[in-house]
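>
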Amino acid sequence: MTQTEFSQQTSILAPALYQFAMRYTKDHEDSSDLVQDTMMKAFKYYAQFEPGSNLKAWLFTIMKNTFINNYRRKTKTNALISQNEEISYQDLKFSSTQNAGEGTLIMKDIKKALKNIPECYSTPFISYFEGYKYHEIAETLNLPIGTVKTRIHIARKLLKEYLQTYSKYDYKKGMA
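Add 1240 to a position in the sequence shown, counting from 1, and you land on the number used in our numbering.
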């Protein structure tokens, strides 16, 4: 069978395909889409059609499989996407991204707080925060290890006082 003959025979079967599609979808537009998808697949896989076999049955099988695959895809998508008009805060936090502006403002406040505490406290604290060990900080600053620990402790206390507004902030929920 030539491709022209194949095209003519499939176009003759189009009304029957449409009626069959209506049984599945029960909607005119969805039925038209299903027939169109079926025809596209039939032409795409024209080479796999065996001449002499039942073209109508082959097309109906393509339609049935296309409908089932689309249905499964829709079901899976609907399971992942909320269809509610009002989305609660709990549901929203899973589907939205974190506001980078909020983090930037917090970081600015932390940097400002570090500048406001004396350098003798902020320098060991920053080094410790960057991952250096107490003995490494003590060697670099030429201080006893006990002094380094004390200065880091004092820096934490000063930062805690300065950043007190964030102590009431619930970072998991994103609110105070």
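Don't be surprised by glycine CBs; every beta carbon is placed ideally from N, CA and C.
What you are looking at is a predicted structure, and each value in this text was computed from that prediction instead of being measured.
Under 9 Å between the Cβ atoms of F1300 and F1260?
Yes.
> Using CA atoms only, rank isn't needed, just tell me which of K1284, S1271, T1278 and A1282 is closest to M1303.
Nearest of K1284, S1271, T1278 and A1282 to M1303, Cα basis: T1278.
> Need the endpoints of the alpha helix (DSSP H) that I1392 sits in, please.
Its alpha helix (DSSP H) spans residues I1385 to Y1402.
> Out of N1318, N1310, H1375 and F1283, which has the shortest C-alpha to C-alpha gap to W1298?
When each option's Cα is compared against that of W1298, the closest is F1283.
> CB I1357 to CB S1367, shorter than 9 Å?
Result no, Cβ atoms of I1357 and S1367 do not sit closer than 9 Å.
> Can you tell me which of E1401, I1308, T1242 and Q1276 puts its alpha carbon nearest to the alpha carbon of F1289?
Here the closest residue by C-alpha is T1242.
> Would you give the residue range spanned by the alpha helix (DSSP H) that T1380 belongs to?
Y1374 to L1381 is the span of the alpha helix (DSSP H), which, as asked, contains T1380.
> Locate the alpha helix (DSSP H) running through Y1285, then write down its first and last residues.
Y1285 -> no alpha helix (DSSP H), and no H or E assigned at all.
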